[in-house]
Amino acid sequence: MITNERHSDTEPTSASSSVGPKAGGWTGAAARWLERRLPIGKLLPTRQPYYIGSWVYVFGVVTIAALAWVIASGVILAFFGPQWWHESATGRFFNSLHFWSIQLFFIFMVLHLWGQYWAAGWRDGRAPTWMIGVVIFLISIITAFTGYISQQNLDAQWIAVNAKDAINATGAGAFFNPLNFGQMYGLHVMLLPIAVTLLVVLHVIQVRLRGVVAPIGATDADLVDGGTVETSP
Amino acid sequence: MRRRSPGPDPARFRTVRYDLLKELAVAMGVITVLVFGLATILSSPDVKPDTIQRWAQEDPVDFVTTATNELAGASLSAQYGPPYNNGTASIQTWWVLHPQEWLGVHQPVDSVNQFVLDPLQKASASDPALGTALTTFTAASSDKQTAWLAAYTTALGTATTDGTTLTVPAADDGPVPALMSSELVVARSGGLDGLLLSSAGTFYQTDYTAPLLFMGDGGHLSGLAMDQHLLGNQWGVMNETGRYPGQAWLWLFQMWYQIPPYNTSTNVDLLVVLTMGVLSLALILVPFIPGLRDIPRWIPIHRLIWRRFYAEQKARAR
Numbered sequence: 001m002i003t004n005e006r007h008s009d010t011e012p013t014s015a016s017s018s019v020g021p022k023a024g025g026w027t028g029a030a031a032r033w034l035e036r037r038l039p040i041g042k043l044l045p046t047r048q049p050y051y052i053g054s055w056v057y058v059f060g061v062v063t064i065a066a067l068a069w070v071i072a073s074g075v076i077l078a079f080f081g082p083q084w085w086h087e088s089a090t091g092r093f094f095n096s097l098h099f100w101s102i103q104l105f106f107i108f109m110v111l112h113l114w115g116q117y118w119a120a121g122w123r124d125g126r127a128p129t130w131m132i133g134v135v136i137f138l139i140s141i142i143t144a145f146t147g148y149i150s151q152q153n154l155d156a157q158w159i160a161v162n163a164k165d166a167i168n169a170t171g172a173g174a175f176f177n178p179l180n181f182g183q184m185y186g187l188h189v190m191l192l193p194i195a196v197t198l199l200v201v202l203h204v205i206q207v208r209l210r211g212v213v214a215p216i217g218a219t220d221a222d223l224v225d226g227g228t229v230e231t232s233p
Numbered sequence: 234m235r236r237r238s239p240g241p242d243p244a245r246f247r248t249v250r251y252d253l254l255k256e257l258a259v260a261m262g263v264i265t266v267l268v269f270g271l272a273t274i275l276s277s278p279d280v281k282p283d284t285i286q287r288w289a290q291e292d293p294v295d296f297v298t299t300a301t302n303e304l305a306g307a308s309l310s311a312q313y314g315p316p317y318n319n320g321t322a323s324i325q326t327w328w329v330l331h332p333q334e335w336l337g338v339h340q341p342v343d344s345v346n347q348f349v350l351d352p353l354q355k356a357s358a359s360d361p362a363l364g365t366a367l368t369t370f371t372a373a374s375s376d377k378q379t380a381w382l383a384a385y386t387t388a389l390g391t392a393t394t395d396g397t398t399l400t401v402p403a404a405d406d407g408p409v410p411a412l413m414s415s416e417l418v419v420a421r422s423g424g425l426d427g428l429l430l431s432s433a434g435t436f437y438q439t440d441y442t443a444p445l446l447f448m449g450d451g452g453h454l455s456g457l458a459m460d461q462h463l464l465g466n467q468w469g470v471m472n473e474t475g476r477y478p479g480q481a482w483l484w485l486f487q488m489w490y491q492i493p494p495y496n497t498s499t500n501v502d503l504l505v506v507l508t509m510g511v512l513s514l515a516l517i518l519v520p521f522i523p524g525l526r527d528i529p530r531w532i533p534i535h536r537l538i539w540r541r542f543y544a545e546q547k548a549r550a551r
């Protein structure tokens with residue numbers, strides 16, 4: 001909000017340098033909340049508990065890397081339009097990038113999901129992290145489904161014709177019509193990827209804020225109070 | 234409810250250097266090599282879509298049989314029910330749940346007019362004989378129309394084709410042969426693809442509900458799908474055209490369609506979706522479901538995940 005108050009050269013410009021705990025109005029309060037809830041040391045840590053040295057932690061980050069290629073190739077395909085990749089060798093190549101990055105995205109996401117299940121990754125206040133992760137998985141399935149229908153080839157035709165019965169049986173066919181290419185394409189290139197991306201960002205923030213869950217059965221006897229540092233070779 | 238005491242704070246364990254962004258960069262590099270390698274070597278599937286024109290050219294008997302069914306209002310889409318019309322052939326219910334009926338008709342489809350009579354009406358502008366046949370058919374009583382269509386359908390059972398001409402034995406079928414002959418001509422020219430797509434009366438169009446429902450009523454599209462292993466009993470949801478992987482992550486969804494009581498139920502789709510809905514909800518709520526959340530503690534796969542930690546823990550205990 002802009003007010004008519006005169007600007008002073010000595011007026012603090014950031015919440016952290018504001019005078020008093022309530023300075024800065026709504027903006028100051030929001031800045032203080034963010035500083036308190038999202039400290040940069042937790043978002044971008046340079047040290048982690050030693051037990052993260054396990055292959056299971058690789059799956060999450062490679063899932064994100066695959067998602068980056070899904071989005072990048074998808075943006076190119078969307079820019080040139082749904083016909084392009086059927087007519088152009090370059091378009092076909094970008095479709096191939098999109099196709100295989102999606103396959104890898106799902107493979108690694110499922111491995112990440114199983115890894116976190118067997119690690120009981122929801123422990124110690126991390127249930128929301130798990131729940132958001134599963135929601136990402138479910139929305140990704142719908143996103144992929146709308147993508148397969150948007151291919152404009154035989155596979156797309158058959159999936160649409162075949163899938164309509166399951167969708168109609170639930171009543172959802174009243175507002176979600178797999179035979180309507182325009183609706184499916186719009187959902188696939190816009191709303192659903194935005195939802196997946198935002199939820200992935202939220203998921204990563206949740207992981208960073210809570211830290212990586214301790215091994216099952218870890219006790220205070222496993223701690224080194226004061227965080228004794230082990231130097232990596 | 235007994236609550237477990239919270240585990241130790243991760244920040245109080247011994248720490249090691251950790252470069253988050255470097256790890257992401259390495260992952261990006263590995264995935265980039267994998268994606269480009271797979272795309273370059275294996276490309277991606279793209280089998281051309283079926284068309285009504287191709288259907289009419291390659292299988293005229295099936296096409297005309299389907300079109301006759303549409304005109305008789307006897308096809309699956311003509312009798313489907315919500316969201317397309319007020320039929321009952323594809324309505325699924327379970328217990329007190331009738332969601333398909335509750336939501337009602339939202340994508341109205343009139344098979345008789347949209348798929349047959351309206352396209353023929355347009356074609357009759359340059360075909361007076363077709364115009365006369367249309368007038369004769371629409372002016373006849375409903376009983377007479379039904380009798381003509383039944384006679385023609387029976388005759389179609391022994392129809393022959395040499396690839397270009399469809400020969401249907403003579404029967405007491407009134408103007409129906411003339412109507413279906415014209416429908417076939419329009420379809421073979423490619424005109425019916427366009428007419429069905431624009432049947433909603435709008436210039437810009439991205440909704441393929443009408444042509445896909447019409448094609449779904451016939452056997453040509455499903456025949457092509459079967460050749461590509463895409464049918465339900467071929468676990469088709471998980472397949473793609475060619476030898477490419479499909480939506481393999483839907484294996485559980487597809488599995489229910491193969492086993493009783495699902496595969497013997499007339500409400501199979503609704504039952505499968507409800508089952509998957511319950512299972513999906515359970516997956517989301519795993520942290521709160523006793524038993525399900527305890528399995529990782531009972532089956533010690535976590536000992537493989539944190540092998541080094543447990544080895545050190547064991548050494549400390551000695």
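If you read the sequences in order, they're chains A and B.
FYI, in this note's numbering the residues of the first sequence are 1 to 233.
FYI, in this note's numbering the residues of the second sequence are 234 to 551.
Even for Gly, the Cβ is constructed at its ideal location relative to N, Cα and C.
In the three-state DSSP reduction, Asp-292 of chain B falls in the coil class, being neither helix nor strand. Under the Cβ criterion of 7 Å, Pro-402 of chain B is not counted among the residues facing chain A. The C-beta of Ser-513 of chain B comes closer than 7 Å to at least one C-beta of chain A.
Within the stretch 267 to 332 of chain B, the complete alpha helix (DSSP H) runs of at least 4 residues fall at 285 to 291 and 293 to 305. Apart from the 5 residues on each side of it in sequence, Gly-74 of chain A sits with its Cβ closer than 6 Å to the Cβ of His-98 in its chain, given in chain order. For Met-131 of chain A, the chain B residues whose C-beta falls within less than 9 Å of its own C-beta are Ile-517, Leu-518, Val-519 and Pro-520, listed in chain order. Below 8 Å, enough C-beta pairs join the stretch 519 to 526 of chain B and the stretch 125 to 138 of chain A to call them touching: three or more.
DSSP links Arg-47 of chain A through a beta bridge to B:Arg-250. Pro-478 of chain B places its beta carbon 7 Å or farther from that of Asn-153 of chain A. Gln-340 of chain B is positioned such that its CB atom lies no closer than 7 Å to that of Asp-426 of chain B. Fully contained in the stretch 405 to 447 of chain B are the following alpha helix (DSSP H) runs of length 4 or more, in chain order: 409 to 422 and 424 to 430. Proximity of the stretch 77 to 86 of chain A to the stretch 38 to 49 of chain A falls short of the contact definition, fewer than three beta-carbon pairs being nearer than 8 Å. For Leu-399 of chain B, the three-state secondary structure derived from DSSP is strand. In this structure, DSSP gives Asn-496 of chain B a helical state, which the three-state scheme calls helix. If you check each beta-carbon in the stretch 525 to 539 of chain B against every beta-carbon of chain A, the ones closer than 9 Å belong to Arg-526, Asp-527, Ile-528, Pro-529, Arg-530, Ile-532, Pro-533, Ile-534, His-535, Arg-536, Leu-537, Ile-538 and Trp-539. Sequence-ordered contacts of the stretch 238 to 260 of chain B with chain A read Pro-239, Gly-240, Pro-241, Asp-242, Pro-243, Ala-244, Arg-245, Phe-246, Arg-247, Thr-248, Val-249, Arg-250, Tyr-251, Asp-252, Leu-253, Leu-254, Glu-256, Leu-257 and Ala-260 [C-beta pairs closer than 8 Å]. When rounded, the separation of the alpha-carbon atoms in Gly-314 of chain B and Ala-66 of chain A is 42 Å. Residue pairing by DSSP places Asn-472 of chain B opposite B:Pro-478 in a beta bridge. The beta-carbon distance between Ala-160 of chain A and Arg-549 of chain B, rounded to whole angstroms, is 60 Å. This is too long to meet the 8 Å contact definition. For Asp-376 of chain B, the enclosing alpha helix (DSSP H) covers residues 375 to 389. Against chain A, a Cβ distance below 8 Å from Phe-542 of chain B picks out Tyr-50, Tyr-51, Pro-215, Ala-218 and Asp-222. Judged by DSSP secondary structure, Arg-92 of chain A falls within the alpha helix (DSSP H) whose first and last residues are 89 to 118.
Here Tyr-495 of chain B has Trp-489, Val-501, Leu-504 and Val-505 as same chain residues with Cβ atoms under 7 Å from its own Cβ, once five neighbours each way along the sequence are excluded.
Taking 7 Å as the Cβ-Cβ cut-off, the stretch 67 to 100 of chain A approaches chain B at Ala-68, Trp-69, His-86, Arg-92, Phe-93, Asn-95, Ser-96, Leu-97, Phe-99 and Trp-100, given in chain order. Separation of the CB atoms of Leu-257 of chain B and Ile-64 of chain A is rounded to 7 Å, and the pair is thereby assigned contact status at 8 Å.
Between the alpha carbons of Asp-165 of chain A and Leu-367 of chain B lies a distance of about 33 Å.
Secondary structure note for Trp-26 of chain A: its alpha helix (DSSP H) is the uninterrupted segment 25 to 37. Residues of the stretch 472 to 503 of chain B whose Cβ lies closer than 8 Å to any Cβ of chain A, in chain order: Glu-473, Thr-474, Tyr-477, Pro-478, Gly-479, Gln-480, Ala-481, Trp-482, Leu-483, Asn-500, Asp-502 and Leu-503.
Listed along chain B are Pro-243, each with a C-beta nearer than 8 Å to that of Val-212 of chain A. Leu-138 of chain A has a beta carbon lying within less than 7 Å of a beta carbon in chain B. Pairwise C-beta distances place the stretch 386 to 394 of chain B out of contact with the stretch 243 to 259 of chain B, as fewer than three of them are shorter than 8 Å. C-alpha of Leu-363 of chain B to C-alpha of Pro-410 of chain B: approximately 10 Å in a straight line. For Arg-32 of chain A, the nearest beta carbon of chain B is not closer than 7 Å to its own beta carbon.
Annotated as distal: Leu-267 of chain B and Asp-450 of chain B, with beta-carbon spacing of 7 Å or more. Between the C-alpha atoms of Arg-540 of chain B and His-86 of chain A there is a straight-line separation of about 49 Å.
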